[in-house]
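The opening position of the sequence shown corresponds to residue 116 in this note's numbering, with each subsequent residue numbered one higher. We treat Cβ as the ideally placed atom computed from N, Cα and C, and that holds for glycine. Keep in mind that this is a model prediction, so the values were computed, not measured.
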Amino acid sequence: MDWQALFLSLRLAAVTLALLLPLGVWLGRSLAYANFSGKAWVEALIVLPLVLPPTVLGYYLLVTLGGASPVGRWANEALGIHLTFNFAGLVVASLVFNVPFMVQPVQRAFEAIPRNLAEAAAVSGLSGWQTFWRIELPLAWPGVLSAIVLTFVHTLGEFGVVLMMGGNIPGETKTIAVSIYDSVQSFDLQGADRMALLLLLLSLAAVTASFFATSRLARKR
């Protein structure tokens, strides 16, 4: 069992959630309530990482953020960091390929909230921020919870983009998915079995917990 790779994957999932959750809630809510001429293009751009082959997405991220690119040179000169083949690069890639998993469930949850509730809250004297925290977010919470679980599980299992952006550096970019691949390549099928089973159980537990929590919220309503 490659515990180092597992802990790296869990760390990557936690950092991704911490950074993407506020942005995902804001963007999902904004898309749910807004109507503008280019909305379809914005939604298509958000879904794009979901339909692109992971190696294609990883390649374009590598070209865009690599040391020879303008963005990569700026990050190196201004911030002193590299955006490829290290943990920071994995975080950037994880944020990009998880956007649809975070934004879409949140958007659908906010779209299901009746508009007259916000109007009633405004008439009752609640500010926009109070309406969000006390009315909208509790109603949209099942969708937000689904987005959290999907993002977490997807980060643990992502392979193609991670390998393209981070390579296979133990302790730095070697995630559990990459470690499973290495074990298969070296004919260590027992090690691959153990890691794959652990990843399966973690994913199943996360999804089950999400459904259980969502059903409890529905019964309380």
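Practice problem: Inspect the beta-carbon positions of P220 and A190 and report whether they are closer than 8 Å. | Solution: For the purposes of this step, residue 220 is taken as the residue at position 105 of the sequence shown. For the purposes of this step, residue 190 is taken as the residue at position 75 of the sequence shown. Going by C-beta atoms, P220 is not nearer than 8 Å to A190.
Quiz item: Out of curiosity, what's the CA-to-CA distance linking G173 and I291?
Solution: Here residue 173 refers to the residue found at position 58 of the sequence shown. Here residue 291 refers to the residue found at position 176 of the sequence shown. Using only the alpha carbons, I get a separation of about 18 Å.
Quiz item: Is there contact between the segment 266–280 and the segment 204–223, where contact requires at least three CB pairs shorter than 8 Å?
Solution: yes
Quiz item: Quick one, are the C-beta atoms of F200 and G286 less than 8 Å apart?
Solution: If you number the sequence shown from 1, residue 200 lands on position 85. If you number the sequence shown from 1, residue 286 lands on position 171. Going by C-beta atoms, F200 is not nearer than 8 Å to G286.
Quiz item: Helix, strand or coil: which one does DSSP assign to F202?
Solution: Here residue 202 corresponds to residue number 87 of the sequence shown, with the count starting at 1. Helix at F202.
Practice problem: Determine the closest residue to D117 out of I295, A227 and L252, with distance taken between C-alpha atoms. | Solution: Position 2 of the sequence shown, counting from 1, holds the residue named residue 117. Of the listed residues, the one whose Cα sits closest to D117 is I295.
Quiz item: Closest by CA to A224, which one among L146, A321, R309 and L134?
Solution: Position 109 of the sequence shown, counting from 1, holds the residue named residue 224. Out of L146, A321, R309 and L134, L146 has the C-alpha closest to the C-alpha of A224.
Quiz item: Thinking C-alpha only, which one of L142, P164 and L165 is nearest K154?
Solution: Mapped onto the sequence shown, residue 154 falls at position 39. Considering only alpha carbons, the answer is L142.
Quiz item: Between the Cα of L265 and the Cα atoms of F122, A129 and Q119, which residue gives the shortest distance?
Solution: Sequence index remark: in the sequence shown, residue 265 carries index 150 (1-based). The shortest C-alpha separation from L265 is found at A129.
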